[in-house]
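Participant: Protein chains in written order, with the working numbering: chain Y, 44 to 481; chain V, 5 to 311. Here it is, the structure in full.
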Amino acid sequence: MSEEKVIRVDPVTRLEGHGSLTIKLGKDGKVKDVQFNVNSTRFFEKFLEGRPMEEAPRIAPRICGICPIPHHLASIKAVEAAWDVTPPPAAIKLRRLMIEAKQYSSHAIHFYALAAPDFVYGPFANPADRNVAAVLRDLPDVAVQAIKMMEFGQELIRVIGAKAVHPTTGIPGGMLTSLKEEDRDFFIGRLEEIQQLTLNTVDLAKKVVTDYLDVITKVAVVPTYYIGLSNEGVLDIYDGTVRVQEPDGKIVADFEPKDYTKYYGEHVAKHSYATHMYYKPAGYPEGVWRANTLARCNVNEKMATPLADAALTEMRELVGRPSHHTFAYHYARIVELVQAFEWCATLLKDPDICSTDVKLSDVEPKAGDGVGIVEAPRGILLHNYISDDKGMLTKANLVVATNNNIAGIEKSLMVAAKQIFEDKAHESLTLPEPMVKR
Amino acid sequence: MADPVPVAMGQGSSCWGCFQSLVDIHLRLAEVLPAIEIKYWQAVADFKLHHLESYEDKSIVVGFFEGMARTEEDIHLLKLMREKCQILIAFGSCSCFGGIPGLANFSDIEECYDVKFRNNKTVEGGEVPSENLPGIASVVKPNSDFVDIDIYLPGCPPTPDLIYTAVSALLSGQPIDLPPHTVCHYCDREKKDTPIEEVLRPYQGIADPDRCLLEQGYICVGSSTWGLCEGQCVNMGSTCRGCFGPPPPITQDHGAASISMLGSYAPMEPEKIVEEVKDPLGTFWRFDYPTSHLGRMRIKREEAKEK
């Protein structure tokens, strides 16, 4: 190659946000630069200012239509932390049921609609065939299974949150409504089939992992830091402390959400509207961390539920801990899918889940600074609000799931680009026959 | 079966929630997906922008555009969708009215950049990113300022049933027939036409589950909001914040109608009502500030600056 070359991928597809990719190749054919350009931003931090703080949980979910429940809940937790409010235990159970249901449907849509087409048709298939509509045409049983799983999660959210997308029932001090017994009974009646579909998905994921083991263990294997919520070493998406893990596996921080500014570094890259997060004590870019499924599985010792823990053990036999295999994110997603299902089942059968004692009546606003953290499907999510004595929001800082992954994505893209353009490593990969040939 | 109908899905600056709501038609997807031919849908299929640009004008029958268009890239995509699609649908409240991201028009863009890149708890002294990125306009303008819209399908998001109704009609070439009622029409709560003595914030007290929330003092804009939601929030304890915008004709000023509604329910001293309604702009124009009368003045001010 004798000319410098710029390759643009615009837009990056099967992504719910806005991104493009810029790869610069030098005259010698070497990869000079890889940019992941996130090319839109909407300024939520600014327009949350001046709102009554209890309205933030009704505004902030619009950051993400796939993960509005984590935003609703991180936002409520931030308000409650600032006003020093503790909601009734039954309200916390409902919130947890809602976020586990979201984790379940989001992981199902991600695995089946965003990821699976690559594995079903193979990475070199015609783009027109590499999508979920084609999966529905060629493998209708698999597609119907996926739809039923998504439906279970989304409809369960709706009976708690009033809306599956952008729920409205969470309020500082609890929930505005309780779960109806008839709704609970309906979903309990669905558990048997949904458990079977979940376990079918685990089998399918294991087949994909086995078929594509060469890709998983060789392409874009990138050591980084990891960040995730932890309940004393157990993977938890609603509550806990924040753990940070070094690339070599050591847990270097385990802190309360309110102390996050000591550990969170935010770098403004010149080529992305989404900022790059990193472990502040290690500096940028050395401290770049990744969040999301694999990060949560890396920072925690074990899962909270038995079937999921068995799945994690099997995963670790293959990829170890910590795993730096970017493609193992898919596997970890399925391990978490199992945990989300088991949590839903446990909570639906909880004797207090239909309790009507779900809201305090004496919440008072006050001046304060509150941090709320939960896990969104794509990674740890932080809302930090400052309130004046009337309960008006005066300042907001948001570190959303994707922020925690942008720098890590760019890092793994750099590794993958070198493998492809410099080493031609993709030509020697062992790939299976596609499940469906067109 | 009839030939699949060519369809394109475009996304401006938005959250993907309207498309999630489309996915939430669940098993009806098995009927809808085979009836369409996806020509562009960045989150679902691997067609790139150059594919969309290469299609013949008006070769796509239906286009859905989610989100508002604030970046140069959004505006390019919106115009491209208009060129390529016979019917262009403003899909969701951001696309119809500017939506929640339209609240950014309360501030100057430099103030927005300050909290995002220059000075916040985890960020210090950053420069506004610009390399290989589309520029961001100084204000959010309604999509209808850039292109002609054929059909408005509001909601944050539109409900799966509404989307299914609209898509079924479009695929069979029928007009979309939508009921004009407000949210109150679908609300199970009893109204006694009693005046409000005090405005309550939604966390205060425990609301009577059977009485109109507004008559209990909780601000609810259901009576000025298009009820295509079928009352999903008000029937589960939460006040309406107006996410479907005004009922037909949807060009009317939703916020002004909401304030007038509150005025008729709350015969209070003006000073008291101003004190108790903490955030009129962010409450009554939450989803449609850019298309409102006040919002239009804000946009004009920005346009004057640019000249």
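Heads up, the beta-carbon is just placed ideally off N, CA and C, and yes, glycines get one too.
(1) For chain Y, is any of its Cβ atoms less than 8 Å away from the one on V/Y269?
(2) Output, in chain order, the set of chain V residues within a Cβ distance shorter than 7 Å of Y/Q188.
(3) Look up Y/H115 in the DSSP assignment and say whether it is helix, strand or coil.
(4) In this structure, does DSSP put Y/V417 in helix, strand or coil?
(5) For chain Y, find out if any of its Cβ atoms is closer than 8 Å to the Cβ of V/S228; answer yes or no.
(6) What residues from chain Y crowd round V/Y207, counting only those whose CB sits closer than 7 Å?
(7) Confirm, please, whether the CB-CB distance from V/V132 to V/F121 is below 8 Å.
(8) So Y/M113 and Y/K145 are in contact, right, with Cβ under 8 Å, and what is the actual spacing, rounded?
(9) Nearest by alpha-carbon distance to Y/I421: which of Y/E299, Y/Y269, Y/S398 is it?
(10) Does the contact criterion of 3 or more C-beta pairs under 8 Å hold for the segment 177–194 of chain Y versus the segment 24–32 of chain V?
(11) Please compile the residues from chain V whose C-beta is within a distance smaller than 9 Å of the C-beta of Y/D53.
(12) Using three-state DSSP, classify V/Y59 as helix, strand or coil.
(13) According to the Cβ coordinates, are Y/N174 and V/I42 closer than 8 Å?
(14) Residues bridged to Y/L441 by DSSP?
(15) Which partner residues does Y/R286 have in the DSSP bridge list?
(16) For the segment 393–407 of chain Y and the segment 357–376 of chain Y, state whether three or more C-beta atom pairs, one from each stretch, are separated by less than 8 Å.
(17) Alpha helix (DSSP H) containing Y/R51: first to last residue?
(18) Count the other CB atoms within 10 Å of the CB of Y/E98; is the residue buried (16 or more) or exposed (fewer)?
(19) For V/R300, decide whether its Cβ has a neighbour in chain Y, counting only Cβ atoms nearer than 8 Å.
(20) Name, please, each residue of chain Y whose Cβ falls closer than 7 Å to the Cβ of V/N136.
(21) Please list, in chain order, the chain Y residues whose beta carbon lies closer than 9 Å to that of V/D212.
(22) What runs of the alpha helix (DSSP H), each 4 residues or longer, lie entirely inside the segment 316–346 of chain Y?
(23) Would you please verify whether the beta carbon of Y/M435 is less than 8 Å from any beta carbon of chain V?
(24) Who are Y/P95's beta bridge partners in DSSP?
(25) Are the Cβ atoms of Y/N29 and Y/V414 separated by less than 8 Å?
(26) So, using beta-carbon positions, are V/L53 and Y/D53 closer together than 8 Å?
(27) Quick one: what's V/S325 bridged to in DSSP?
(28) Considering Cα atoms alone, identify which of V/I210, V/C233, V/G231, V/T229 is closest to V/Y222.
(29) Bridge partners of V/W45, per DSSP?
(30) Using a Cβ cut-off of 8 Å, which residues of the segment 22–37 of chain V contact any Cβ in chain Y, in chain order?
(31) Could you work out which residue in V/V11, V/Q24, V/L266 is closest to Y/V208 when comparing CA atoms only?
(32) At the 8 Å Cβ level, is Y/Q239 part of the contact set with chain V, yes or no?
(33) Can you tell me whether V/G67 is buried or exposed? The criterion is at least 16 other CB atoms within 10 Å of its CB, across all chains shown.
(34) Using 8 Å as the limit for Cβ to Cβ distance, is Y/C107 near chain V?
(35) With H, G and I counted as helix, E and B as strand and the rest as coil, what does DSSP make of Y/S63?
(36) I'd like to know if the segment 448–467 of chain Y and the segment 307–320 of chain Y are in contact, where contact means that at least 3 CB-CB pairs between them fall below 8 Å.
Facilitator: Well, looking at it:
(1) Within the second sequence, residue 269 of chain V is the residue found at index 265, counting from 1. For V/Y269, the answer is no, since every Cβ of chain Y falls outside 8 Å of its Cβ.
(2) Working through the first sequence from its first residue, we reach residue 188 of chain Y at position 145. The contacting residues do not exist; Y/Q188 stays about 11 Å from chain V at best.
(3) As a first step, residue 115 of chain Y is located in the first sequence; it is residue number 72 there, counting from the start. Three-state DSSP puts Y/H115 in a helix.
(4) Here residue 417 of chain Y refers to the residue found at position 374 when the first sequence is read from its first residue. Strand, per DSSP.
(5) For the purposes of this step, residue 228 of chain V is taken as residue 224 along the second sequence, with counting starting at 1. No, V/S228 lies away from the interface with chain Y (no Cβ there is under 8 Å from its Cβ).
(6) Along the second sequence, one-based indexing puts residue 207 of chain V at 203. Simply E97, I214, P215, G216, V406.
(7) Along the second sequence, read from residue 1 onward, the residue named residue 121 of chain V stands at position 117. Along the second sequence, read from residue 1 onward, the residue named residue 132 of chain V stands at position 128. Contact flag set, yes.
(8) In the first sequence, counting from the first residue as 1, residue 113 of chain Y sits at position 70. In the first sequence, counting from the first residue as 1, residue 145 of chain Y sits at position 102. This sequence places Pro at residue 113 of chain Y; Met is not what is there. Rounded to whole angstroms, the Cβ separation of Y/P113 and Y/K145 is 7 Å, and the two are in contact under 8 Å.
(9) Taking the first residue of the first sequence as 1, we reach residue 421 of chain Y at position 378. This sequence places Arg at residue 421 of chain Y; Ile is not what is there. Nearest C-alpha to Y/R421: Y/Y269.
(10) yes
(11) Taking the first residue of the first sequence as position 1, residue 53 of chain Y is located at position 10. Taking a Cβ-Cβ threshold of 9 Å, the residues of chain V close to Y/D53 are K52, L53, H54, E77, in chain order.
(12) Locating residue 59 of chain V in the second sequence gives position 55, where the first residue counts as 1. Three-state result, V/Y59: coil.
(13) By 1-based counting over the first sequence, the position of residue 174 of chain Y is 131. By 1-based counting over the second sequence, the position of residue 42 of chain V is 38. Yes, they are a contact pair.
(14) To locate residue 441 of chain Y, count along the first sequence from 1; it is residue 398. The partner list for Y/L441 (beta bridge, DSSP) reads Y/H426.
(15) As a position in the first sequence, residue 286 of chain Y is number 243, starting the count at 1. DSSP, once it has assigned bridges, lists Y/G271, Y/D297 as partnering Y/R286.
(16) no
(17) As a working mapping, residue 51 of chain Y is identified with position 8 in the first sequence. Where Y/R51 is concerned, there is no enclosing alpha helix (DSSP H), although the beta strand (DSSP E) it sits in stretches over 48–52.
(18) For the purposes of this step, residue 98 of chain Y is taken as the residue at position 55 of the first sequence. Buried, because 16 or more other Cβ atoms sit within 10 Å of the Cβ of Y/E98.
(19) One-based indexing of the second sequence puts residue 300 of chain V at position 296. It does not: the Cβ of V/R300 has no partner Cβ on chain Y nearer than 8 Å.
(20) Locating residue 136 of chain V in the second sequence gives position 132, counting from the first residue. The answer, in chain order, is T65, Q78, N80, H314.
(21) Counting from one through the second sequence, the residue named residue 212 of chain V turns up at place 208. Going along chain Y, no residue has its Cβ under 9 Å from V/D212, so there is no contact; the nearest lies around 12 Å.
(22) With a minimum length of 4 residues, the continuous alpha helix (DSSP H) runs that stay inside the segment 316–346 of chain Y are 335–342.
(23) The count along the first sequence starts at 1 and reaches residue 435 of chain Y at position 392. Yes, contact with chain V.
(24) Sequence index remark: in the first sequence, residue 95 of chain Y carries index 52 (1-based). DSSP lists Y/M435 as partners of Y/P95.
(25) Because chain Y spans 44 through 481 in this model, residue 29 of chain Y falls outside it and cannot be assessed.
(26) Here residue 53 of chain V refers to the residue found at position 49 of the second sequence. Here residue 53 of chain Y refers to the residue found at position 10 of the first sequence. Yes, they are a contact pair.
(27) Any answer about residue 325 of chain V is impossible in this case: the structure gives chain V only from 5 up to 311.
(28) Stepping through the second sequence from its first residue, residue 222 of chain V is reached at position 218. When only C-alpha atoms are compared, the closest one is V/I210.
(29) Counted from its first residue, the second sequence places residue 45 of chain V at position 41. Beta-bridge pairing links V/W45 to V/M13.
(30) C22, F23, Q24, S25, V27, D28, H30, L31, L33, A34, L37
(31) In the first sequence, the residue the question calls residue 208 of chain Y occupies position 165. Taking only the C-alpha atoms, the option nearest Y/V208 is V/Q24.
(32) Locating residue 239 of chain Y in the first sequence gives position 196, counting from the first residue. Not an interface residue.
(33) As a first step, residue 67 of chain V is located in the second sequence; it is residue number 63 there, counting from the start. V/G67 is buried by the Cβ-count criterion.
(34) Reading the first sequence from its first residue, position 64 is the one you call residue 107 of chain Y. In terms of beta-carbon proximity, Y/C107 lines the interface with chain V, with at least one pair separated by less than 8 Å.
(35) Here residue 63 of chain Y corresponds to residue number 20 of the first sequence, with the count starting at 1. Correct three-state label for Y/S63: strand.
(36) yes
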